[in-house]
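Chains as they are written, first to last, in full-length UniProt numbering: chain L, 1 to 158; chain Z, 1 to 158.
No residue lacks a Cβ here, since even glycine has one placed at the ideal position from N, Cα and C.
Number of protein chains: 2
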Amino acid sequence: MKMENVLQPRAFRMTSQRRTILEELRNCRWHPTADEVYERVRRKLPRISLGTVYRNLEVLALQGTIRKLDICGRQKRFDADPRMHCHVRCLECGAMDDLPLGDSTLSRAIGEIDASYEIREVRLEFLGLCPKCKAPERACRDRDTRRGHSGGVGRPDT
Amino acid sequence: MKMENVLQPRAFRMTSQRRTILEELRNCRWHPTADEVYERVRRKLPRISLGTVYRNLEVLALQGTIRKLDICGRQKRFDADPRMHCHVRCLECGAMDDLPLGDSTLSRAIGEIDASYEIREVRLEFLGLCPKCKAPERACRDRDTRRGHSGGVGRPDT
DNA sequence: GTCCTTGCAAAACTTTTGCACCAGT
DNA sequence: ACTGGTGCAAAAGTTTTGCAAGGAC
């Protein structure tokens, strides 16, 4: 399935591959990359292909069942918990944990990571639709065709 | 120069390529990707290669002169301002602005982006050294050899 | 002169896709 | 049956690297 078609799917089917991928992601204590998921799933479904893993993670993320974290380094990571929560990431090895905000207070949770990690930086990012993508429907998508300096919200090219 | 060696460089030299790359990045109003920088620099130094742009952006980021934003989608982006500040990113086209925190108040700045963007999500991320990378010096780097559990993937990224 | 830097090309990596066949509903 | 999903392999897209020559200090 081409990724552009996945945007308006008629219905999603539950295959053993999709089920297993979701299970493995949920059993994973950290936020794995696609090929980590692949390795895990392969232990149960040896014939699965990496392409299938990518396709399913994409579909699951579109459904909102999981979350794709495009916030990391080289490889994208996936998170079985689609609810919003904060992450703690290692600058050195890329390890990625959740901010342990269970029933504890915010200060306790932060105290906890402050004790184990050596925090160097805090990043706050707002995501949404820019002025151009907000309304004109297609106006923005067109610019998305790579190389059209994607970031360009019509900024002058000084 | 191999990127592993760049970690303990003896001295950095200022070449016309490096100077131009920095200039162009600073003249850029948004946060360009490496190949956007390449396109711009090429107008002044037609013979420069993409590899050189990557190497220099890496070096400049290590020096702390610029900032590598591994927070975005497909391609990494670079920011001429190494000071910490918040970003606003478009989920649709990837446009990336700074939170306009000039002399105005936080609420005014947020009100501003709230009026132009349609904010859907806020992300807060803490970055630092994980327990394993914090002390044992090499213990973590070893996990860095791909496929080694937890965060053990991905390169140190910034 | 030393050794960091460059241009070029090839390689390494991650992700997406075309296609023919398979399988969920 | 209909049509989405799968495996495989190839392609696409992004970043890194080996090497010999060039240039900053």
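Going straight from the alpha carbon of residue i to that of residue j, what length do you get?
i, j, result
"R55 of chain L", "G102 of chain Z", "43 angstroms"
"D81 of chain Z", "D97 of chain Z", "12 angstroms"
"E121 of chain Z", "T65 of chain Z", "30 angstroms"
"L127 of chain Z", "I113 of chain L", "10 angstroms"
"K44 of chain Z", "C28 of chain Z", "15 angstroms"
"E23 of chain Z", "V41 of chain Z", "9 angstroms"
"D142 of chain Z", "S49 of chain Z", "Note that D142 of chain Z scores 40 on pLDDT, short of 50, meaning its location in the model is unreliable; the coordinates nonetheless yield the value given after this. Between D142 of chain Z and S49 of chain Z, the C-alpha separation is close to 32 angstroms."
"R13 of chain L", "K68 of chain L", "20 angstroms"
"E118 of chain Z", "I110 of chain Z", "12 angstroms"
"T20 of chain Z", "C90 of chain L", "32 angstroms"
"H87 of chain L", "T15 of chain Z", "39 angstroms"
"A115 of chain Z", "R47 of chain L", "50 angstroms"
"D70 of chain L", "Y38 of chain Z", "23 angstroms"
"L62 of chain L", "L124 of chain L", "24 angstroms"
"E58 of chain Z", "W30 of chain L", "28 angstroms"
"L129 of chain Z", "V53 of chain L", "30 angstroms"
"A95 of chain L", "F78 of chain Z", "22 angstroms"
"A34 of chain L", "A11 of chain Z", "38 angstroms"
"P131 of chain Z", "C93 of chain L", "11 angstroms"
"G51 of chain L", "Q17 of chain L", "12 angstroms"
"C133 of chain L", "K134 of chain Z", "42 angstroms"
"R26 of chain L", "L60 of chain L", "12 angstroms"
"E36 of chain L", "T105 of chain Z", "44 angstroms"
"P100 of chain Z", "L99 of chain L", "27 angstroms"
"K76 of chain Z", "P32 of chain L", "20 angstroms"
"D144 of chain L", "R74 of chain L", "With a pLDDT of only 36 at D144 of chain L, under the threshold of 50, the placement of this residue in the model should not be trusted, and no figure is reported."
"H85 of chain Z", "S107 of chain L", "23 angstroms"
"R83 of chain Z", "R83 of chain L", "30 angstroms"
What residue range is occupied by the uninterrupted alpha helix (DSSP H) comprising residue i?
i, result
"C133 of chain Z", "131-134"
"R26 of chain Z", "16-27"
"R67 of chain Z", "From DSSP, R67 of chain Z is part of no alpha helix (DSSP H) but of the beta strand (DSSP E) over 67-69."
"G111 of chain Z", "106-116"
"D35 of chain L", "34-42"
How is residue i classed by DSSP in three states: helix, strand or coil?
i, result
"R74 of chain L", "coil"
"G128 of chain L", "strand"
"E92 of chain Z", "coil"
"T52 of chain L", "helix"
"D97 of chain L", "strand"
"R13 of chain L", "coil"
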